[in-house]
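A.B. asks: The structure that follows is given in the form of structure tokens.
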Amino acid sequence: MPAPLLQIETTPALPTSADAVVIGGGIVGVFAAYHLARRGLKVALVEKGRIGAEQSSRNWGWCRQQNRDARELPMATKSLSLWEDFAGETGEDTGFRRCGLLYLSDDESELAGWARWGDFARTVGVTTHMLDGAQASEKGAATGRRWKGGVVSPTDGTADPARAAPVVARAVMKLGGTVHQMCAARGLELEAGRVSGVVTEAGTIRTPIVVLSGGAWASSFCRQLGIRFPQASIRSSILSVAPGAEGLPAALHTAAVSATRRGDGGYTLAISGRARVDPTPQQIRFARHFVPMFARRWRSLAPGGFEGWKSGHETLQRWRLDEPTPMEFNRILDPRPDQTQIRLTLERARALLPALQKLPVSAAWAGYIDSTPDGVPAIGEISSLPGLVLAAGFSGHGFGIGPGAGHLVADLVTDEPPIVDPKPYHPDRLNGSAWGKVADF
Ligand SMILES: Cc1cc2nc3c(=O)[nH]c(=O)nc-3n(C[C@H](O)[C@H](O)[C@H](O)COP(=O)(O)OP(=O)(O)OC[C@H]3O[C@@H](n4cnc5c(N)ncnc54)[C@H](O)[C@@H]3O)c2cc1C
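One gets our numbering by counting positions in the sequence shown from 1 and adding 1425 to each.
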């Protein structure tokens, strides 16, 4: 029972040249292609499997400013408007709604943390309201119990992970861009020290600009070019239940379990932050960079198995461009969900929200969440390779900020004023110490 995903038809014939080629059709790649195409560039997007089939269809769908790290908050705020603009510009429905997010807690220190974040967020114009016990219990009436407090962020929302990336890809094609599924990029061609083309399994596209939005595969791709990109992924397991529950909040977070209404009226259920660490060659290589991140999150992480090793996304192998690569052997990264985690999530959700008790499970799946050492994405041109713009390492937040990330990529490529300050995202920062601030999840 994999994560639901809208299947779309894409462009059969690969162009021989393009103004820009986007590698990877997750939410970041499709929005980068969309914003480039809107500026009149001839864009080709290549996706080794299906549009949106990896992280971008496996997430909860939250598009939030609430509790965001200060470095990422401006992009989160802009992205909310861009989700709305996209619907207006194209008539396509990503399922985005400003339904508001509700957080409930009985833990004084957690509530104090949310209050501190709110004090900061209000200084930059974000709307967020702390709730006292009575207000939290009223907003959380579907739980049938009292709460010490909570927070609500009414201007945040959710989009539908089952359709968002595919409909944006469709909009790219309507703007004259081409989109190619089942087409892995194997590597780049260089001329005079800069990008001159993308070698794919279906042929070469000549181009001066490449956007690498390959999600969990980005670091192993960079390695082929001698570019060091510290990246690691963890396996998160979640499930959905069938429609039928009435009166629940659209998006609810508690420490025990979180619930999000899906586009089909069902609910996605998950335990926030909980994941397994599957050792891989790449993870061992970059382990020391991730010590601060893992030290901060160790309570929610558990050791996993070897499927990450076998799936090939974090290989240290060097591959040739004239024969199939690991990306062609694994079209869709579809790790096995952790059944213990799935059972626990369902049990907790049914205990928290009685309305879910009779609803059957409709699907259960896992996804590898790719992260940088500081939990902030890497977006920017690679200093040692002009023409290559990296946009990866979205650290569990990339769905909500996909529109802003895609816009920023287009700003950098076309040399327009950037939608947000690009400095906090530049990949060069990852060449320094990993002992800076690790972003919250
Ligand atoms: C369980 C879970 C819950 C989450 N919840 C949220 C949430 O509520 N809100 C939020 O904002 N974020 C959430 N996230 C994180 C979010 O899903 C990701 O940050 C985001 O989807 C990353 O998008 P992406 O485009 O960078 O990567 P992906 O969606 O992984 O896309 C990368 C694509 O690149 C393709 N690719 C890779 N290499 C190549 C190549 N060489 N050639 C061609 N194609 C290639 C892959 O096939 C893939 O389709 C969650 C993630 C998970 C797994």
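We treat Cβ as the ideally placed atom computed from N, Cα and C, and that holds for glycine. Only a predicted model underlies this, so the values are computations on that prediction, with no experimental measurement involved.
If you measure between the beta carbons of L1439 and T1625, is that distance less than 8 Å?
C.D. replies: Cβ distance < 8 Å, so L1439 and T1625 count as in contact.
A.B. asks: Output the distance between the C-alpha atoms of W1542 and R1687, rounded to the nearest integer angstrom.
C.D. replies: For W1542 and R1687, the distance between alpha carbons rounds to 28 Å.
A.B. asks: Taking the continuous alpha helix (DSSP H) assigned at R1687, which residues delimit it?
C.D. replies: First-last for R1687: undefined, no H or E at that position.
A.B. asks: In whole angstroms, what is the alpha-carbon distance linking T1740 and E1753?
C.D. replies: Cα to Cα, the separation comes out at about 14 Å.
A.B. asks: Should W1508 be counted as a contact of ligand 1 given a C-beta to heavy atom distance under 7 Å?
C.D. replies: False, no ligand heavy atom lies under 7 Å from that Cβ.
A.B. asks: Kindly indicate which residue of T1750, H1851 and P1798 has the alpha-carbon position closest to the one of S1808.
C.D. replies: Minimum Cα distance to S1808 is reached at H1851.
A.B. asks: Three-state secondary structure (DSSP) at A1791?
C.D. replies: Strand, per DSSP.
A.B. asks: For ligand 1, is there any heavy atom lying closer than 7 Å to the beta carbon of N1484?
C.D. replies: Correct: N1484 has its Cβ closer than 7 Å to ligand 1.
A.B. asks: Please report the Cβ distance between S1482 and A1587, rounded to the nearest whole angstrom; I am assuming they are in contact, meaning their Cβ atoms lie under 8 Å.
C.D. replies: About 6 Å separates the two Cβ atoms, so the contact holds.
A.B. asks: With C-beta atoms as the reference, is I1844 less than 8 Å away from L1637?
C.D. replies: Result no, Cβ atoms of I1844 and L1637 do not sit closer than 8 Å.
A.B. asks: When the Cα of R1745 is compared with those of L1615, Q1649 and P1429, which residue comes out closest?
C.D. replies: The candidate whose alpha carbon is nearest that of R1745 is Q1649.
A.B. asks: Considering only C-alpha positions, which residue in the set Q1656, R1653 and L1694 is nearest to I1663?
C.D. replies: Residue L1694 is the option with its Cα nearest to I1663.
A.B. asks: Specify, as a first and last residue, the run of the beta strand (DSSP E) that M1555 falls within.
C.D. replies: It spans H1554 to L1556 - the beta strand (DSSP E) in which M1555 sits, taken as one unbroken run.
A.B. asks: Alpha carbon to alpha carbon, how far is E1748 from P1437?
C.D. replies: Cα to Cα, E1748 sits roughly 21 Å from P1437.
A.B. asks: Less than 8 Å between C-beta atoms, sequence neighbours within five positions excluded: which residues of the same chain meet that for L1498?
C.D. replies: Correct list, in chain order: Q1490, A1546, V1549 and V1551.
A.B. asks: Would you say G1827 touches ligand 1, meaning its beta carbon is less than 7 Å from a heavy atom?
C.D. replies: Correct: G1827 has its Cβ closer than 7 Å to ligand 1.
A.B. asks: Heavy atom of ligand 1 less than 7 Å from the Cβ of S1644, yes or no?
C.D. replies: No, since every heavy atom of ligand 1 falls outside the 7 Å radius drawn around the Cβ of S1644.
A.B. asks: Who are the Cβ neighbours of A1774 in its own chain at under 7 Å, not counting the five residues just before and after it?
C.D. replies: Closer than 7 Å at Cβ, skipping near neighbours: V1682, A1684, L1694 and L1781.
A.B. asks: Under 7 Å: does the beta carbon of H1822 sit that close to some heavy atom of ligand 3?
C.D. replies: With respect to ligand 3, the structure shown offers nothing to examine, as its ligands consist of ligand 1.
A.B. asks: When you compare each of A1835, E1509 and R1611 to L1400 by their alpha carbons, which one comes out closest?
C.D. replies: Here the chain has residues from 1426 to 1866 only, and residue 1400 is not among them.
A.B. asks: Determine the DSSP secondary structure at L1810, reduced to helix, strand or coil.
C.D. replies: DSSP places L1810 in coil when its eight states are reduced to three.
A.B. asks: What residue range does the alpha helix (DSSP H) around V1455 cover?
C.D. replies: First-last of the alpha helix (DSSP H) with V1455: I1452 to R1463.
A.B. asks: If you draw a straight line from the alpha carbon of G1558 to that of V1576, how long is it in whole angstroms?
C.D. replies: Answer to the nearest angstrom: the Cα atoms are 11 Å apart.
A.B. asks: Just to check, is the beta-carbon of G1698 closer than 7 Å to a non-hydrogen atom of ligand 1?
C.D. replies: No, since every heavy atom of ligand 1 falls outside the 7 Å radius drawn around the Cβ of G1698.
A.B. asks: Assign P1779 to buried or exposed, taking buried as 16 or more other Cβ atoms, counted over all protein chains shown, within 10 Å of its Cβ.
C.D. replies: The residue is exposed, with fewer than 16 neighbouring Cβ atoms inside 10 Å.
A.B. asks: In the structure shown, what three-state DSSP assignment does G1857 receive?
C.D. replies: Residue state, collapsed to three classes: coil.
A.B. asks: Applying the 10 Å Cβ sphere with the 16-neighbour rule, what's the burial state of A1816?
C.D. replies: Buried: at least 16 other Cβ atoms inside 10 Å.
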